[in-house]
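Here is the structure we will look at, set down as structure tokens.
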Amino acid sequence: MTVPDFTEREDESFRLGLRGWLESAYAAFASAWPGGADPRSLDYRRAWEDTLCGHGWSGLGWPKVHGGRDLPLSRQAIFHEEHARCGAPLGVNLIGHGILAPTLLHFGTEAQKRRLLPGILSNRDVWCQGYSEPGAGSDLASVRTRAAPASGGYCLNGHKIWTSFADRAQWCFVLARTDPQAPKHKGLSFLLVDMRSPGVRVEPIRQITGEAEFCEVFFEDVFVPEEGLLGERNQGWKIAMAAASFERGTYFIPRLVRFAQELRQVRELSLRADAHGHVPASSAAVRHRWARLAADSHVLALKSQRALSGAMRGDPPGPEGSSTKIHWSEAHQRLLELSLQLLGEDACLADGATDVRAADLTHAYLWSRAETILAGTSEIQRNIIAEQMLGLPKA
Ligand SMILES: Cc1cc2nc3c(=O)[nH]c(=O)nc-3n(C[C@H](O)[C@H](O)[C@H](O)COP(=O)(O)OP(=O)(O)OC[C@H]3O[C@@H](n4cnc5c(N)ncnc54)[C@H](O)[C@@H]3O)c2cc1C
23 MTVPDFTERE DESFRLGLRG WLESAYAAFA SAWPGGADPR SLDYRRAWED TLCGHGWSGL
83 GWPKVHGGRD LPLSRQAIFH EEHARCGAPL GVNLIGHGIL APTLLHFGTE AQKRRLLPGI
143 LSNRDVWCQG YSEPGAGSDL ASVRTRAAPA SGGYCLNGHK IWTSFADRAQ WCFVLARTDP
203 QAPKHKGLSF LLVDMRSPGV RVEPIRQITG EAEFCEVFFE DVFVPEEGLL GERNQGWKIA
263 MAAASFERGT YFIPRLVRFA QELRQVRELS LRADAHGHVP ASSAAVRHRW ARLAADSHVL
323 ALKSQRALSG AMRGDPPGPE GSSTKIHWSE AHQRLLELSL QLLGEDACLA DGATDVRAAD
383 LTHAYLWSRA ETILAGTSEI QRNIIAEQML GLPKA
């Protein structure tokens, strides 16, 4: 990737131009949505993501030869910040844009890139990530899904679980065992599987929020052609580990912008008198909790900035990401617990039609229960910090 040397003034003018476009495009999109804006709905999120892609806001860091914009990380960061700032929700093809595309650009053959990148760029193809299984989550290398050699490719059999967006996905990247005799990290391959293939079955799982964002996926004698193998056979672990590092630098940006927005809402709630005239912010305990969260917000922004600078310098990913993951996910849960206490019964009664803010915060509270689990649980992140930062013996 060529890295143009933008001046601060040029970056600022890029930011302001983008902000103006996002504000008007998102307002127009939201007001045209039948029944009014509905950022929690997956259809709404997908349609807005399609709009962004249709206006060229995808493939930001990809080389131009593949239809990308070849923007440096600093400008990608500005995009993520401004996108979150305008209040638009994240899309449903996060895994395609954020994980699979950079992995394909790094490890794919030219033929694979030409075949699969256009569908991500236009958002026609949604991707899901088929790693976790009922017996392999934190201990991912224990996956048992088996890809046995078959004429011209592989025969895939297995059971994946917690696969986000699988019921909307056209494609899935699957970690599967291709050498059952090899040590567990060494016998895995990274397969690109067409979800429309015969033998793929998807069963949505309903979450505490009421939505079914993730699913169980069953592969029963699914044929995966040889061109569906990414990288070399039995090198899947190396690719999966690299795939996990590609979002470094930008992953937390929208989440931290959202954190700061929610923090402002919680402040407003704490200044609102209840039916008995009591103002929650008059309690030192509430002020103390809010102040701690404000400090969290500030420190997290600095950590995110440090990760971005490291990624821009090309530093290898380190265990600092684990510290940010724990800090953000646990502080976010505390923030939303406080918001629920301030909302009181409104948290139970609100729906999008009566009180959008209360409904959004309640939904965020319920969703946040997953944040200390997904992408590596807090316990696993603490193990990484203990071993790699503090030098403690392996668990
Ligand atoms: C909202 C959501 C979306 C997800 N999306 C996807 C997806 O798209 N694709 C996908 O493949 N997966 C996905 N996952 C799965 C996620 O990666 C796993 O849930 C996670 O890795 C934990 O694995 P597990 O659920 O099997 O729990 P387990 O690994 O069984 O862990 C159970 C408990 O034991 C603890 N534990 C386990 N091992 C250790 C240890 N060595 N030391 C200390 N404690 C330990 C854990 O911290 C946890 O508290 C998603 C999960 C969620 C919640």
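Numbering (this note's numbering), first residue to last: 23 to 417. Even for Gly, the Cβ is constructed at its ideal location relative to N, Cα and C.
Between the stretch 85 to 92 and the stretch 103 to 119 there are fewer than three inter-stretch CB-CB distances shorter than 8 angstroms, so the stretches are not counted as touching.
For ligand 1, no non-hydrogen atom lies closer than 7 angstroms to the CB of residue 115. Rounded to the nearest angstrom, the gap between the Cα atoms of residue 201 and residue 252 is 16 angstroms.
Residue 268 sits close to residue 121, with the two beta carbons spaced by under 8 angstroms. The three-state secondary structure of residue 302, taken from DSSP, is helix. Only residues of its own chain outside the window of five on either side were considered, and among them none has a CB closer than 7 angstroms to the CB of residue 136. For residue 283, the shortest separation between its Cβ and any heavy atom of ligand 1 does not lie below 7 angstroms. Rounded to the nearest angstrom, the gap between the Cα atoms of residue 102 and residue 315 is 22 angstroms. According to the DSSP assignment, residue 108 belongs to no alpha helix (DSSP H), since it is labelled neither H nor E. Going by C-alpha positions, residue 52 is about 28 angstroms away from residue 367. Nearest to residue 274 by alpha-carbon distance, out of 325, 361, 212 and 411, is 325.
Check the Cα spacing between residue 178 and each of 205, 54 and 219: the tightest is with 219. Distance from residue 379 to residue 287 at the Cβ level is roughly 6 angstroms; contact confirmed, criterion being Cβ atoms closer than 8 angstroms. Here the alpha carbon of residue 385 sits roughly 42 angstroms from the alpha carbon of residue 255. For the pair residue 147 and residue 192, the CB atoms are nearer than the 8 angstroms cut-off. Judged by their CB atoms, residue 150 and residue 188 are nearer to each other than the 8 angstroms cut-off. For residue 145, same chain residues with a beta-carbon under 7 angstroms away, outside a window of 5 residues either side, are 71, 72, 75, 80 and 115 in chain order.
Contact between residue 240 and residue 223 is confirmed by a C-beta separation of about 4 angstroms, below the 8 angstroms threshold. For residue 385, no beta strand (DSSP E) encloses it; the enclosing alpha helix (DSSP H) starts and ends at 378 to 390. Within its own chain, the residues whose Cβ lies closer than 6 angstroms to the Cβ of residue 67, once the five positions on either side in sequence are excluded, are 111, 113 and 114, listed in chain order.
In the three-state scheme derived from DSSP, where H, G and I count as helix and E and B as strand, residue 36 is classed as helix. Selection 169, 306 and 97 evaluated against residue 248 yields 169 as nearest (Cα-Cα). In this structure, residue 125 and residue 265 form a Cβ contact; the two beta carbons are roughly 4 angstroms apart against a cut-off of 8 angstroms. Of the residues assessed, residue 50 falls on the exposed side of the cut-off, its CB having fewer than 16 other CB atoms within 10 angstroms.
Here DSSP, grouped into helix, strand and coil, assigns residue 229 to coil.
Beta-bridge annotation (DSSP): residue 283 is not paired with any residue. Between residue 84 and residue 127, the C-beta gap is smaller than 8 angstroms, which places the two residues in contact. DSSP, read as helix, strand or coil, puts residue 259 in helix.
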